[in-house]
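The opening residue of the sequence shown carries number 5 in the numbering used here; numbering runs sequentially from there.
Working notes, structure below.
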Amino acid sequence: NRVHDDLDSHRAALAWLIEHGRSKHASDIAWGLVFFWLIRGLTSEGLRWFEQILRLPSLQPVAESRMLVGVAEMLCAQGQLTRARNALPRALALADAAQDAEMIAQAATMFGRVELALGEMTAARNWWVDAIKRFEALKISWGTGNALFGLASVELASGDPDQAERLLDKAAAALRHAGPWFLTRTLYVRAVLAAQRGH
Numbered sequence: 005n006r007v008h009d010d011l012d013s014h015r016a017a018l019a020w021l022i023e024h025g026r027s028k029h030a031s032d033i034a035w036g037l038v039f040f041w042l043i044r045g046l047t048s049e050g051l052r053w054f055e056q057i058l059r060l061p062s063l064q065p066v067a068e069s070r071m072l073v074g075v076a077e078m079l080c081a082q083g084q085l086t087r088a089r090n091a092l093p094r095a096l097a098l099a100d101a102a103q104d105a106e107m108i109a110q111a112a113t114m115f116g117r118v119e120l121a122l123g124e125m126t127a128a129r130n131w132w133v134d135a136i137k138r139f140e141a142l143k144i145s146w147g148t149g150n151a152l153f154g155l156a157s158v159e160l161a162s163g164d165p166d167q168a169e170r171l172l173d174k175a176a177a178a179l180r181h182a183g184p185w186f187l188t189r190t191l192y193v194r195a196v197l198a199a200q201r202g203h
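In structure tokens form, the structure reads like this:
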């Protein structure tokens, strides 16, 4: 809500920074808005900003990795799964080369989301298991919970509702301080589970 109330200022800042080639500051602001664009359904706008920043010649590898993950986030939310998947190998390679542990975990999470949406359950499971380990090592609870939620979605789609429920319990515990948007996603999968069980 605070971002929304000051959105014109964020847009003006991004436009000015991009016009003046200030790629680091532009990428910092854009990455900070990734969840805002997702939650508010402004993925087309988010995608435009990420793509503009990616065209800046001065963009450093760490920032490029984040912008590519941002692109994948926006495209995945729009259902453009092949394009989202295509952005991720370079994002992961750049994060790996820079030893950016959090962005490696973020890229793994995005790979999991895209592979699940494409019906590739084994690949999705492997990516999310990897992301869980990485986020746990970093002690980033919202990332751990988000990846556990993704793994629960795989187990549900693979026909193991009991394992899905166990994972959702762990996800909810990890996400208890992350905010309502993350918890709402776990409630959605719980609702699917309940419907499958006739409740």
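Virtual Cβ for every residue (Gly too), placed ideally from N, Cα, C.
As the structure is a computational prediction, the values presented were derived from the model and not from experiment.
Residue i (DSSP reduced to helix, strand or coil)
{"i": "residue 184", "result": "helix"}
{"i": "residue 93", "result": "helix"}
{"i": "residue 166", "result": "helix"}
{"i": "residue 5", "result": "coil"}
{"i": "residue 145", "result": "helix"}
{"i": "residue 65", "result": "helix"}
{"i": "residue 134", "result": "helix"}
{"i": "residue 152", "result": "helix"}
{"i": "residue 26", "result": "coil"}
{"i": "residue 203", "result": "coil"}
{"i": "residue 74", "result": "helix"}
{"i": "residue 55", "result": "helix"}
{"i": "residue 195", "result": "helix"}
{"i": "residue 104", "result": "coil"}
{"i": "residue 124", "result": "coil"}
Residue from the options whose Cα sits closest to the Cα of residue i
{"i": "residue 34", "options": "23, 17, 24", "result": "17"}
{"i": "residue 69", "options": "112, 149, 6, 180", "result": "112"}
{"i": "residue 110", "options": "120, 101, 92, 174", "result": "92"}
{"i": "residue 45", "options": "82, 100, 138, 67", "result": "82"}
{"i": "residue 114", "options": "87, 101, 103", "result": "87"}
{"i": "residue 67", "options": "41, 101, 159, 43", "result": "101"}
{"i": "residue 8", "options": "32, 42, 26", "result": "42"}
{"i": "residue 159", "options": "49, 129, 201, 116", "result": "129"}
{"i": "residue 147", "options": "98, 179, 27", "result": "179"}
{"i": "residue 154", "options": "14, 108, 135", "result": "135"}
{"i": "residue 118", "options": "108, 6, 96, 89", "result": "89"}
{"i": "residue 40", "options": "63, 72, 190, 15", "result": "15"}
{"i": "residue 49", "options": "28, 37, 171", "result": "37"}
Spatial neighbours of residue i in its chain, beta-carbon cut-off 6 angstroms, leaving aside the 5 residues before and after
{"i": "residue 51", "result": "78"}
{"i": "residue 22", "result": "30, 56"}
{"i": "residue 95", "result": "69, 72, 73, 111"}
{"i": "residue 4", "result": "What the structure shows of the chain is the stretch from 5 to 203, and residue 4 is not part of that stretch, so it cannot be assessed."}
Own chain partners of residue i with C-beta closer than 8 angstroms, once the 5 adjacent residues on each side are dropped
{"i": "residue 141", "result": "105"}
{"i": "residue 169", "result": "156, 194, 197"}
{"i": "residue 201", "result": "165"}
{"i": "residue 203", "result": "none"}
{"i": "residue 137", "result": "none"}
Close beta carbons around residue i, own chain, < 7 angstroms, minus the five adjacent residues each side
{"i": "residue 150", "result": "113, 186"}
{"i": "residue 47", "result": "41, 78, 81, 82"}
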